[in-house]
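Residue numbers (our numbering), protein chains in the order written: chain A, 3 to 67; chain B, 110 to 601. A virtual CB, placed ideally from N, CA and C, is assigned to each residue, including glycine. Inspection log for the structure reproduced underneath, given as structure tokens.
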């Protein structure tokens with residue numbers, strides 16, 4: 003198989019994968035109100051509205067590793 | 110040392126913001142000069158025949174485009190990044206010495222590069238690739254500047270308190286990644302002096318691509334430069350500044366995510382529409398057209414999301430000139446992203462290609478969407494940076510109406526000029542002979558070129574009013590922190 007053929011197959015595989023991933027994500031957004039952390043997606047708007055450095059983060063980053 | 114409460118540090122934002130206004134005036138002034146040159150060719154030698162080399166259209170045009178795109182816009186984008194980035198990640202630049210140093214080196218290298226670029230373009234040193242005119246030493250310098258920004262983004266994200274990245278951050282990251290890729294691939298070039306063993310100028314280079322390949326890479330770059338310099342970072346700005354200034358949550362955060370990934374998926378494929386009816390493969394042309402039309406969906410997703418954010422609060426649009434700038438900006442974004450796909454349809458492109466309609470399209474996006482959004486962002490940031498109210502609301506409102514009139518004159522004159530051109534170039538008699546010579550179109554277009562120049566001049570006047578307003582803001586009435594929560598404080 004030549005490099006050009008390999009590129010073509012890789013291109014098709016990437017295209018199908020990305021299309022499926024995009025539509026799967028759109029479907030997920032359509033049916034789910036909350037993300038995997040249990041936060042309502044719409045609450046994330048507050049990241050812009052309550053953005054003083056002393057404001058409580060909408061989803062705090064864990065300090066523990 | 111006394112224990113002071115933690116605050117956001119805007120020193121880098123301030124540098125980029127001031128430089129953005131300076132570059133905006135420079136780029137727009139050159140643009141207006143070019144517009145008058147198109148209407149009255151004598152203006153090409155307005156400093157006399159001896160200096161004609163430096164004042165003619167062809168020498169100044171790259172200066173205009175580069176000063177606006179990579180000067181005014183990028184500097185504003187970075188001002189907004191060093192402001193919005195800290196706030197939505199809830200972390201201060203002051204918390205990391207490394208980030209502060211990176212930010213300042215980022216600015217001063219950029220400042221130095223801007224100076225060298227202006228000199229080199231005026232001297233006529235260019236690769237002749239549109240929007241990618243800089244020679245290889247500058248390309249390397251730009252790569253370093255870009256990577257410094259990337260390190261700044263990564264660093265700030267690494268020390269953030271907010272786990273989830275706000276939608277604006279995604280748009281800034283997309284801008285960084287895409288432009289890095291575009292810059293590297295479109296500027297692959299061979300320095301001729303070194304490759305030939307010492308022939309010619311040391312800074313000269315030739316592209317690694319030739320012919321149709323060069324055209325393909327160039328317009329993959331060119332179109333996506335519009336996407337990732339003039340679109341994604343500006344969307345990043347509106348997603349922060351409109352909700353913050355109006356105090357309204359984004360209408361649908363989910364729609365913002367959907368639009369983001371939709372835009373990422375579709376935009377990169379649309380560049381082929383710049384090469385319709387050329388020697389590139391037919392499927393590339395068709396794909397460029399089809400993806401351009403699909404692009405309406407994610408673009409309008411963001412724009413409608415912004416307009417709906419004002420749902421129930423439209424009195425704010427009437428009351429605040431700052432919000433007017435953003436709402437009209439969003440409207441112009443919708444308008445440009447409908448006009449672009451229309452022009453990308455093959456049969457329409459047969460008339461529109463190479464005409465002034467394209468110039469009109471670019472400018473209703475650049476002046477109406479990008480310019481207005483940047484102006485609004487700077488107006489919002491200024492009181493927070495200087496802890497003072499905006500000097501004059503009435504001056505801001507006057508600026509808004511003068512600039513809006515300027516944009517309307519610009520794009521309407523270019524519509525008429527472009528379609529007239531396209532129709533006249535194609536017209537023929539019953540034997541197939543062309544009905545008009547080129548100079549016939551030039552004669553017909555003269556009034557429209559004059560109207561365009563008037564429109565551009567009005568926009569520049571408005572921008573100078575803006576610069577004056579910001580300058581006076583630095584000494585206006587001091588304000589308390591409590592006045593800076595949402596709507597920006599403004600003097601009469």
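- Excluding five sequence positions before and after residue 132/B, the CB atoms of its chain that fall closer than 6 Å to its own CB belong to 176, 180, 181 and 184, given in chain order.
- Within the same chain, 511, 512, 514, 515 and 518 come within 8 Å of residue 567/B by CB-CB distance, once the 5 residues on both sides are set aside.
- In the DSSP assignment, residue 229/B falls outside any beta strand (DSSP E) and lies within the alpha helix (DSSP H) extending over 206-231.
- Pairing residue 467/B with residue 338/B gives a Cβ-Cβ distance that is not under 7 Å.
- According to the DSSP assignment, residue 184/B belongs to the alpha helix (DSSP H) that extends over 183-198.
- For residue 38/A, there are no neighbours in chain B by C-beta distance under 8 Å, as the nearest C-beta there is about 11 Å away.
- Residues of the region 366-382 of chain B with a C-beta less than 8 Å from any C-beta of chain A: 366, 367, 370, 371 and 374, listed in chain order.
- Look at residue 451/B: its C-beta is not under 7 Å from any C-beta on chain A.
- Of all residues in the region 259-272 of chain B, those with a C-beta nearer than 8 Å to a C-beta of chain A are 269, 270, 271 and 272, reading in chain order.
- Of the candidates 523/B, 357/B, 531/B and 405/B, the residue whose Cα lies closest to the Cα of residue 52/A is 357/B.
- If only complete runs of 4 or more residues are kept, the region 340-416 of chain B shows the alpha helix (DSSP H) at 341-355, 362-376 and 391-403, in order along the chain.
- Taking 8 Å as the upper bound on Cβ-Cβ separation, chain A lies near no residue of the region 326-347 of chain B.
- The C-alpha of residue 271/B lies about 5 Å from the C-alpha of residue 59/A.
- Linking residue 129/B to residue 261/B through their CA atoms gives a straight-line distance of about 19 Å.
- Non-local beta-carbon contacts of residue 378/B in its own chain, meaning distances under 8 Å to residues more than five positions away in sequence, involve 396, 397 and 400 in chain order.
- For the pair residue 486/B and residue 240/B, the Cα-to-Cα distance works out to about 25 Å.
- A straight line joining the alpha-carbon of residue 253/B with that of residue 347/B spans about 28 Å.
- For residue 317/B, the secondary structure class from DSSP, reduced to helix, strand or coil, is coil.
- Classified as exposed, residue 319/B has fewer than 16 neighbouring CB atoms from the shown chains inside 10 Å of its CB.
- When DSSP states are grouped into helix, strand and coil, residue 454/B belongs to the coil group.
- Annotated as distal: residue 359/B and residue 368/B, with beta-carbon spacing of 7 Å or more.
- Taking the CA atoms as reference points, residue 597/B sits about 16 Å from residue 580/B.
- A Cβ-Cβ contact shorter than 7 Å links residue 172/B with residue 139/B.
- The region 498-507 of chain B makes no contact with the region 437-451 of chain B: fewer than 3 CB pairs, one atom from each, lie closer than 8 Å.
- Judged by beta-carbon spacing, residue 425/B lies within the 7 Å limit of residue 355/B, meaning their Cβ atoms are closer than that value.
- In the DSSP assignment, residue 298/B falls within the unbroken beta strand (DSSP E) covering 298-300.
- About 6 Å separates the Cβ atoms of residue 258/B and residue 215/B, confirming a contact at the 8 Å cut-off.
- Three or more Cβ pairs closer than 8 Å define a contact, and the region 224-240 of chain B meets that threshold against the region 152-169 of chain B.
- For residue 263/B, the closest of 217/B, 301/B, 460/B and 200/B by C-alpha to C-alpha distance is 200/B.
- For residue 248/B, the uninterrupted alpha helix (DSSP H) segment begins and ends at 245-267.
- In the structure shown, residue 419/B falls within a coil segment according to DSSP collapsed to helix, strand and coil.
- Taken in chain order, the members of the region 115-130 of chain B whose beta-carbon sits within less than 9 Å of a beta-carbon on chain A are 115, 116 and 117.
- Residue 134/B holds the alpha-carbon nearest to the alpha-carbon of residue 572/B among 321/B, 134/B and 342/B.
- Put simply, the CB of residue 545/B is far from chain A, with every gap to its CB atoms at 7 Å or more.
- Of the candidates 204/B, 403/B, 273/B and 334/B, the residue whose Cα lies closest to the Cα of residue 63/A is 273/B.
- Only 196, 197, 199 and 201 from the region 188-214 of chain B bring a Cβ to less than 7 Å from some Cβ of chain A.
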